[in-house]
Amino acid sequence: MKKIIALLSALIFVITGCSSSETAAVQGSVTGQGASINSENNDETELQLSMNMTKTLNPLLNSDETVNDVFTLMYENLVNIGEDGKAEPNIADSWTFDEDGKTAHITLKSSVSFSDGSILTADDVIYSLRTIDNAENSYYKSCTDHIKNWSAQGGYQIDITFYDSGAGNMVYLAFPVISSAFYGGDYAVMSDNPTTAVTTGLYRFESFSPAKELMLTAAMNDFKGQAAVNKITVTMTKDRETQLNLFTKGITDILLAEETELAGGNTAFNGKRVSYITNVYDFIGFNFNNAVFMDRNIRQAIAYSLDIQNIIDGIYLGNAERAYSPVRTSSWLYDSSVYGYDNDLTTAKMLVEQSGWRFRTSQTVRENEDGRKLQAAILVNKENSERCQVAQNLASALNALGFEVSVTEADYQTYMDKINNGSYDIFVGGWTVSPSNDFSNMFGTDNNVMGYSSSRMDEYISECSSAVTDEEMMTAYGKLQNYISQELPYISLVYRKSSVYMSQRIHGDLTPVRNRVFNGIENITVR
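Below, the structure is given as structure tokens:
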């Protein structure tokens, strides 16, 4: 059965079996990770955060997003994903690919140390991969999905071979590296040191009171320096409402929130807000088993009938970025030549008429020569208020084109069932887009839920996944985006934004990116 599991879901990492190898701890001199803070006046500054409760301080055995956000302060990733979506060096200093694009030869920074003074090596990377591989639940569960095998080639060299070729696979290496010596064994399990931690990040472990709080102290990071704020206290909470209350009452200083969670987008302290683009992509999809919507003229007419900027302003309240394709405009792979469909009702009506739909027996609903009415059944899940409003906006636009329209707002399970059964004409939906920009489940023949089939689309998707050099990737994704724009299997709407709210006590700016919302925290101060 065709599936649409990725629709409207959070980004869940999945895993496949991987090879294993022996590890060995390499000790080094203490580099200051655990040293006391160097402050001229010895004044302590403290930041107050909150997160859900956790039973472990091992980032690879955690599956909660709010806990992972805090863990990014304590642990560094092998690679990072930049704001433009490109894999960036971090613990991994550099890498090259074999000619076939399947094996990455990675060189690690040789100066990265854990907070106990031991030096991070390739063995710790392998140990971390094995831990993810064997974890029952992990936020990073899919990081080994595309990996065939791995092997250490020396203290700071590691080879990772992927099942498929393509430099885009590097984004799957954005996982924290943990200490093999600290946890021991072939891989870490939940019972290993659950209430203490050896870290690599801007903040080191100070203390942990389960179900109560986590205390962190600024560390001397080996390649990022030292944070200005000395201490962080993280309060454990049972639910989201408690986190919101802690922030609005001035008890915590930073809150990650959707715009609708805080009325009017303002905090009780008139603090500031920094928005960032998420990987949640909203779109309008079609049922290609319906001859009406197999007609590209009709799909393009619908695109021309929509005022997407008005949708952004009026429905998303400005908290979204217009999407011209599934590749967001801030991505390094975005092709600015991609054709966008601006609101043009005249062109929309002309395209509908070119396909033989006229006002024959009615002045409100068009018919073809056989007397068939131009109809559209729109499906949307009722739990998502923005998409429900988009569906109503779409219905109005279709009415103006001469469609007879119905809108079904279904509960999520019914919505999913109807999509999988093809019981719709048009649906309003969303994907949480993979960091590797793999669109095969959206548009690949036999992979998508819409009944869409195109050998040329399959060819372009294949070229994207196998591209190795930056130039090859940009060329391949450019062709794919332009073909999607012409074909319009989806009408791209927006990439949603999320926000980091900060109290008046905070001075300086965070620069949040997806999966690293506290990015830039080393530059802020608390007064």
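Per our numbering, the very first residue in the sequence shown carries number 633; after that it's consecutive.
Just so it is clear, CB atoms sit at the ideal spot from N, CA and C, and this is done for glycine as well.
The three-state reading of DSSP puts K1111 in helix, counting H, G and I together.
Looking at the DSSP output, R1088 shares a beta bridge with no other residue. Apart from the 5 residues on each side of it in sequence, H1139 sits with its Cβ closer than 8 angstroms to the Cβ of I1156, T1157, V1158, R1159 in its chain, given in chain order. Across the structure, R928 and Y1122 are spaced so that their CA atoms are roughly 11 angstroms apart. With a cut-off of 8 angstroms on Cβ pairs, the segment 708 to 721 is in contact with the segment 808 to 817, counting three or more such pairs. Contact between the segment 970 to 980 and the segment 935 to 955 is present, with at least three C-beta pairs closer than 8 angstroms.
For Q875, the number of other beta carbons within 10 angstroms of its own is at least 16, and it is reported as buried.
Shown here, D945 sits in a helix according to DSSP, grouped into three states. The beta carbon of I790 lies closer than 6 angstroms to those of I738, A754, V757, A784 in the same chain, with the five residues before and after it left out.
DSSP, reduced to helix, strand and coil, places Q1045 within a helical segment of the structure shown.
Excluding the 5 residues flanking it on each side, V959 has same chain C-beta neighbours closer than 7 angstroms at L965, Y966, N1069, Y1109, Q1113, in chain order.
In this structure, N911 lies away from R1137, with their beta-carbon atoms at least 9 angstroms apart. The alpha-carbon separation between I764 and T686 amounts to approximately 17 angstroms. Pairing G988 with R1019 gives a Cβ-Cβ distance that is not under 9 angstroms.
Looking at the DSSP output, W727 sits in a beta bridge with I738. Under the criterion of beta carbons closer than 8 angstroms, E953 and I909 qualify as touching, at roughly 5 angstroms.
Each residue's CA atom was taken as its position, placing R998 and Y1092 some 36 angstroms apart. In summary, T1101 is exposed, with fewer than 16 beta-carbon neighbours lying within 10 Å of its beta-carbon over all protein chains present.
Under the three-state reduction of DSSP, D791 is assigned to strand. Shown here, A935 sits in a helix according to DSSP, grouped into three states. Between the alpha carbons of V906 and D885 lies a distance of about 14 angstroms.
Looking at the backbone, the Cα of N951 and that of V1126 are separated by about 9 angstroms. By alpha-carbon distance to A860, the top candidate from M1048, V866, Y835 is Y835.
In this structure, the beta-carbon distance from Q680 to I883 falls below 9 angstroms.
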